[in-house]
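K.L.:
Just dropping this structure here.
Number of protein chains: 2
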Amino acid sequence: MAEPKPPAAKRPTMKQVAARAGVDVSLVSRLLNDDPRLSIAPDTRRRVMDAVRELGYRRNLTARSLRTSRGLMVAFLLPEFTNPVYSRIVAGAHRRAASLGYAVMLSELDDTDAEDMRGHQARGVDGVLLAAGNLEDARIAELCGGDLPVIAVNRQIPGSRRWAVVDYGLGGRLAAEHLRELGHRRVGVLTGPGRFDSDGSRVRGFADALGDAVGGEDPPVVVADGLTPDDGLRAGAELLARHPEVTAVFATTLMLGVGLLRAASEAGIAVPGELSIVSLHDVDLARFMSPPLTTVAMPMVELGAAAFDQLLAVIDGQDPEPTVMTQPPVLVRRASTAPPRKERR
Amino acid sequence: MAEPKPPAAKRPTMKQVAARAGVDVSLVSRLLNDDPRLSIAPDTRRRVMDAVRELGYRRNLTARSLRTSRGLMVAFLLPEFTNPVYSRIVAGAHRRAASLGYAVMLSELDDTDAEDMRGHQARGVDGVLLAAGNLEDARIAELCGGDLPVIAVNRQIPGSRRWAVVDYGLGGRLAAEHLRELGHRRVGVLTGPGRFDSDGSRVRGFADALGDAVGGEDPPVVVADGLTPDDGLRAGAELLARHPEVTAVFATTLMLGVGLLRAASEAGIAVPGELSIVSLHDVDLARFMSPPLTTVAMPMVELGAAAFDQLLAVIDGQDPEPTVMTQPPVLVRRASTAPPRKERR
DNA sequence: TCGTTTGACCCAAACGATTGACCTGGCGAT
DNA sequence: ATCGCCAGGTCAATCGTTTGGGTCAAACGA
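Chains as they are written, first to last, in numbering that gives the first Met the number 0: chain X, 0 to 344; chain W, 0 to 344.
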């Protein structure tokens, strides 16, 4: 039953490469890292490279990491694996990291506390990307406490320079302008808890752009308990019940929009006939809702990549500016928005 | 501009702990690993533990890994970050891994080839979970080629014992029974490319359970090019066009079902009025479609955990049986299925 | 009384790479 | 002739743990 199980033919080491090429291992190391202070005879270089190829040699990164205390790894902590918006950030960070030789460890921030950070540090992780969307401020402070570089992603941190965000103010504007152009005058906002959108840019951008056109009055805002579709459903239902006058709602993140759509459907409100919905963040999913959701696409993949770059700078001992993505958001018109046709009720 | 940047106060080493407790480092190591051959005076043990606490000591896993050649890490390779079904597998594997002290590196199988495996190996990864849903057989073989343990997850591999799956046969049955009970007699199947569902269990389970009730004739099957909602949309449209007689469709994975729903909507076919849809895999998303999708929930989170356990066994030199989740799937009735009411067309 | 067993520890060699500090032989300049 | 220098290498210490082999005294059995 048990297969013979070959002895696993230990991978070749640098020593073997050196022996085969007839040189010292230090030379091999220097060559492979192209150490600036080294000059190597072309012939020797070839012999070494041949040996590397013939043996199929790869550096043992564990050993290297032990010596250099650079693990070439970063951790990406996120509150839940299933939010597609985070998935895009992860995808961006991962792609960039991989292209620079870094690996990405994923962790769910479950009941994880600061201990987890130290665990990562013990593993040789060089830095951490913290998708902090729905974390408490205190929690974030706690997580940033260690001496491991941390960048908060998609969330601004008041006292710190270690964060990377997209320009939600602009995103909000775009959504507002769209609704305004369609002719909506009574609009509502569905957003996440205060710790989310902590700087208020999403709502403010929206309200500002709307302001002059609708009489300067701030739109009614309902705050959900979290960022899941269920949260959106509950808060959405509340919004619709409390503000029957609104003809359009701006959801500050996609999953809330998704929940709102259901709330409308359960309340028998036609979208976009009686209610228009526009939400931030465009992912595939939005196209497949009924009706397909109009969204404002924010450059989340690029954010992931930029956040990684920022983290790398910190790791290298620099003190980079916080990242704000300049790449403009784009409005994706779909079927969930239309001119206000008739009053509800 | 550049902050002073504290010298980063190197983390304490075992040597320091040993010094502070007045013992040899080997003793500390043995104690911390509770080495069986060790007996330690209670007093000494306390001194060491105190030193550990006072210094806030954590083992350096890199060094340990170098010595033991066990990295306490696994890699999870998946074709795309955005598929929520994979996310659940990842979540399950991650949770289990974390509870056993393992970290999980995530990689997108982009243009990744076998080289990537060797990269992971060089990093000290102990094994790989390969979410292989839509990979070619050849590709998988290539990836399993190295001497790093690999478990294919959610995909059966013909010649191998290294895979973990849920019981899609049962899932298919359940879907079929549901449609049969509702009274459907002309049903279609929407599935992924052959490499997906390679053993055909999803479709076969469905067809078998249907067989006797609908005259033994196999249902029409349309095969999508991939597993994204877009693939489902295209193939779904084709299915609806080619088989106008069907009153219900079974989608073998959620994203195809989502695409199909849109195809129906675009074709002006009412769901569930004119067409019932049931799909495998239940994730939050399904509840928020319009109409909410009836699904067969497969234990994907548990699959992730079990696959990790299997991988661990292989890492430990055992030759475990392939994993087949016994936990039964459960039918989640929602609004996308109903008795056939009227003929389409 | 003299082994022999234990209990409680210590020594030092790995693991595989990196890196500052040497060598060495030849060549051009003084 | 001598010196310095440079290209082209080598030596050996080090990163922080693990682990196979001791050591050394106290306890024990005969």
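The beta carbon of each residue, even a glycine, is placed where N, CA and C say it ideally should be. Keep in mind the model is a prediction, meaning the values are calculated, not measured.
In the DSSP output, what is S289(W) paired with across the bridge?
P.N.:
None; S289(W) has no bridge partner.
K.L.:
With a threshold of 8 Å on Cβ separation, who are the neighbours of A337(W) within its own chain once the five nearest residues in sequence on each side are excluded?
P.N.:
L181, P271, G272, S275, listed in sequence order.
K.L.:
So P78(W) packs on G144(W), CB below 8 Å; how close in whole Å?
P.N.:
19 Å between Cβ atoms; not a contact.
K.L.:
Starting from the N-terminal side, write out each stretch of the alpha helix (DSSP H) that is 4 residues or longer and does not extend beyond the segment 159-187 of chain W.
P.N.:
Runs found: 167-181.
K.L.:
Thinking C-beta only, is A296(X) closer than 8 Å to P339(X)?
P.N.:
No, they are not a contact pair.
K.L.:
Against A236(X), what residues of chain W qualify as contacts under a CB-to-CB distance less than 9 Å, listed in chain order?
P.N.:
Those within 9 Å of A236(X) in chain W number zero; the least Cβ separation is about 14 Å.
K.L.:
Distance check for A285(W) and L134(X), CA to CA, integer angstroms please.
P.N.:
Cα-Cα distance, rounded: 26 Å.
K.L.:
Take M48(X) as the anchor and find which of D33(X), T61(X), L60(X) has the nearest alpha-carbon.
P.N.:
Minimum Cα distance to M48(X) is reached at D33(X).
K.L.:
To which residues of the same chain is L306(X) closer than 7 Å at the C-beta, ignoring the five residues directly before and after it?
P.N.:
The sequence shown places Ala at residue 306(X), rather than the Leu named in the question. A92, L128, I150, V152, A163, T322.
K.L.:
Helix, strand or coil for E107(X)? Go by DSSP, reduced to three states.
P.N.:
It is a strand residue.
K.L.:
Contact criterion: CB-CB distance below 8 Å. Does A62(X) meet it with respect to chain W?
P.N.:
So, interface residue.
K.L.:
Which same chain residues end up closer than 8 Å to G100(W) when comparing Cβ atoms and leaving out the 5 residues on each side of it in sequence?
P.N.:
Cβ within range, chain order: L71.
K.L.:
Using a Cβ-Cβ distance under 8 Å, would R185(X) count as near chain W?
P.N.:
With 8 Å as the cut-off, R185(X) does not count as an interface residue toward chain W.
K.L.:
Identify, in the order they occur along the chain, each residue of the same chain with its Cβ nearer than 7 Å to the Cβ of V257(W), setting aside the five sequence neighbours on each side.
P.N.:
Result list for V257(W): P228, G231, M288, in chain order.
K.L.:
Measuring CB atoms only, is the segment 18-32 of chain W touching the segment 197-211 of chain X, in the sense that at least three cross pairs come out at less than 8 Å?
P.N.:
Verdict: no, contact absent.
K.L.:
Helix or strand or just coil, what does DSSP make of L302(W)?
P.N.:
In the structure shown, L302(W) sits in a helix (DSSP, three-state: H, G or I).
K.L.:
Kindly indicate the opening and closing residues of the beta strand (DSSP E) around L232(X).
P.N.:
First-last for L232(X): 228-241, but that is the alpha helix (DSSP H), not the beta strand (DSSP E).
K.L.:
At 3 residues or longer, and completely inside the segment 23-59 of chain X: list those beta strand (DSSP E) runs for me, N to C.
P.N.:
Counting only runs of 3 or more, we get nothing.
K.L.:
Is the CB of S289(X) under 8 Å away from at least one CB in chain W?
P.N.:
Yes, S289(X) lies at the interface with chain W (some Cβ there is under 8 Å from its Cβ).
K.L.:
Between which two residues does the alpha helix (DSSP H) containing L77(W) stretch?
P.N.:
Note, L77(W): premise wrong, no alpha helix (DSSP H); beta strand (DSSP E) at 72-77.
K.L.:
Please compile the residues from chain W whose C-beta is within a distance smaller than 7 Å of the C-beta of V103(X).
P.N.:
Ordered by position in chain W, the residues that pass the 7 Å Cβ test against V103(X) are M104, L105.
K.L.:
Starting from P83(W), find everything on chain X with Cβ-Cβ shorter than 8 Å and list it in chain order.
P.N.:
Neighbours of P83(W) on chain X, chain order: T81, P83.
K.L.:
Quick check: G187(X) and P157(X), are their CB atoms within less than 8 Å of each other?
P.N.:
No, the Cβ-Cβ distance between G187(X) and P157(X) is not below 8 Å.
K.L.:
Can you tell me which residues form a DSSP beta bridge with S278(X)?
P.N.:
Beta-bridge pairing links S278(X) to A250(X), T294(X).
K.L.:
Measuring only the C-alpha atoms, how far is P6(X) from D318(W)?
P.N.:
Model confidence at P6(X) stands at a pLDDT of 44, short of 50, so the residue's coordinates are unreliable; what they give is reported in the following sentence. Going from the Cα of P6(X) to the Cα of D318(W) covers about 14 Å.
K.L.:
Under 8 Å, Cβ to Cβ, is there at least one residue of chain W near A90(X)?
P.N.:
Output row for A90(X): interface = yes.
K.L.:
Name, going along the chain, the residues of the segment 45-73 of chain W whose beta-carbon falls closer than 7 Å to a beta-carbon of chain X.
P.N.:
Those residues of the segment 45-73 of chain W that come within reach of chain X (Cβ to Cβ, closer than 7 Å) are R57, R58, N59, L60, T61, A62, S64, L65, G70.
K.L.:
Pull the bridge partners of I150(X) from the DSSP assignment, please.
P.N.:
I150(X) pairs with L128(X).
K.L.:
Hey, does H93(W) have any beta-carbon neighbour from chain X nearer than 8 Å?
P.N.:
Cβ-Cβ to chain X under 8 Å: yes for H93(W).
K.L.:
How long is the line joining the alpha carbons of Y28(W) and R58(X), rounded to whole angstroms?
P.N.:
According to the sequence shown, residue 28(W) is Ser rather than Tyr. Their Cα atoms are separated by approximately 27 Å.
K.L.:
Within 8 Å of any Cβ in chain W, is that where the Cβ of S264(X) sits?
P.N.:
Closer than 8 Å to some Cβ of chain W, the Cβ of S264(X) qualifies, so yes.
K.L.:
Can you confirm whether S28(W), when its beta carbon is compared against all beta carbons of chain X, has any partner nearer than 8 Å?
P.N.:
Not one chain X Cβ lies under 8 Å of S28(W).
K.L.:
What did DSSP end up calling A266(X) once you bin it into helix, strand or coil?
P.N.:
Correct three-state label for A266(X): coil.
K.L.:
Helix, strand or coil for V84(X) per DSSP?
P.N.:
DSSP places V84(X) in helix when its eight states are reduced to three.
K.L.:
Measuring CB to CB, does F80(X) end up less than 8 Å from E114(X)?
P.N.:
Going by C-beta atoms, F80(X) is not nearer than 8 Å to E114(X).
K.L.:
Which residues mark the beginning and the end of the beta strand (DSSP E) in which L330(X) is found?
P.N.:
It spans 329-331 - the beta strand (DSSP E) in which L330(X) sits, taken as one unbroken run.
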